[in-house]
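Have a look at the structure below before the remarks.
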Amino acid sequence: MIRVKGQPVPPRSRADIVAEADFVRNALGISGGFSMIRLIEFVLPPLIPEFTFDVLSKRKMGGDAARTFPDEYTMWIRDDVYEEAYLLSGATTRIYGQHNFTLAHELGHLVLHQEASSYARQMQGRDHKIFMDSEWQADEFAAAF
Numbered sequence: 167m168i169r170v171k172g173q174p175v176p177p178r179s180r181a182d183i184v185a186e187a188d189f190v191r192n193a194l195g196i197s198g199g200f201s202m203i204r205l206i207e208f209v210l211p212p213l214i215p216e217f218t219f220d221v222l223s224k225r226k227m228g229g230d231a232a233r234t235f236p237d238e239y240t241m242w243i244r245d246d247v248y249e250e251a252y253l254l255s256g257a258t259t260r261i262y263g264q265h266n267f268t269l270a271h272e273l274g275h276l277v278l279h280q281e282a283s284s285y286a287r288q289m290q291g292r293d294h295k296i297f298m299d300s301e302w303q304a305d306e307f308a309a310a311f
């Protein structure tokens with residue numbers, strides 16, 4: 167996999183990110199497998215009244231599967247990603263796992279990157295250490311979550 171760098175953010179160690187993901191899972195009472203769609207639709211809105219999400223077309227989203235605006239508590243999800251994650255929410259297919267990971271990655275941006283206005287994987291031309299990279303941090307959060 168070719169890793170696309172994101173925005174530079176304050177440095178975090180893998181251990182700190184794992185601890186943050188564990189804290190969020192425990193606070194939400196999540197153990198084992200779960201559907202990120204259910205989390206986004208039913209768990210986050212009552213906990214974070216400002217939180218909103220929109221399902222947008224591929225045309226509007228371009229190459230991004232999802233995009234997060236942490237400072238606005240907003241998540242945009244490409245329609246095919248949302249629909250496949252929703253339809254397969256009880257399955258253990260590779261596609262479902264990929265989409266669940268993508269949505270957990272976006273949750274990572276919401277949790278870890280409140281100082282920024284937008285995150286998307288299509289960022290280019292960044293030159294900073296990996297532990298200071300928004301995309302690496304969100305991937306580590308998603309993997310731990």
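167 is the number of the first residue of the sequence shown in my numbering; add one for each residue after it.
A virtual CB, placed ideally from N, CA and C, is assigned to each residue, including glycine.
Values in this document were obtained by computation on a predicted structure and should not be read as measured data.
Sequence-distant Cβ neighbours of Ala-251 in its own chain, meaning closer than 7 angstroms and more than five residues away, are Met-202, Ile-203, Tyr-262, His-265, Asn-266 and Leu-269. Judged by DSSP in its simplified three-state form, Ala-231 adopts coil rather than helix or strand. Per the DSSP secondary-structure output, Ile-243 pairs in a beta bridge with Val-221 and Ala-232. Following the DSSP letters along the chain, one finds Ile-183 inside the alpha helix (DSSP H) bounded by residues 180-194. Apart from sequence neighbours up to five positions away, the residues of its chain that approach Met-227 with a beta-carbon distance below 6 angstroms are Arg-244, ordered along the chain. Relative to the Cα of Leu-222, the nearest Cα in the group Leu-213, Pro-211, Thr-234 and Pro-212 belongs to Thr-234.
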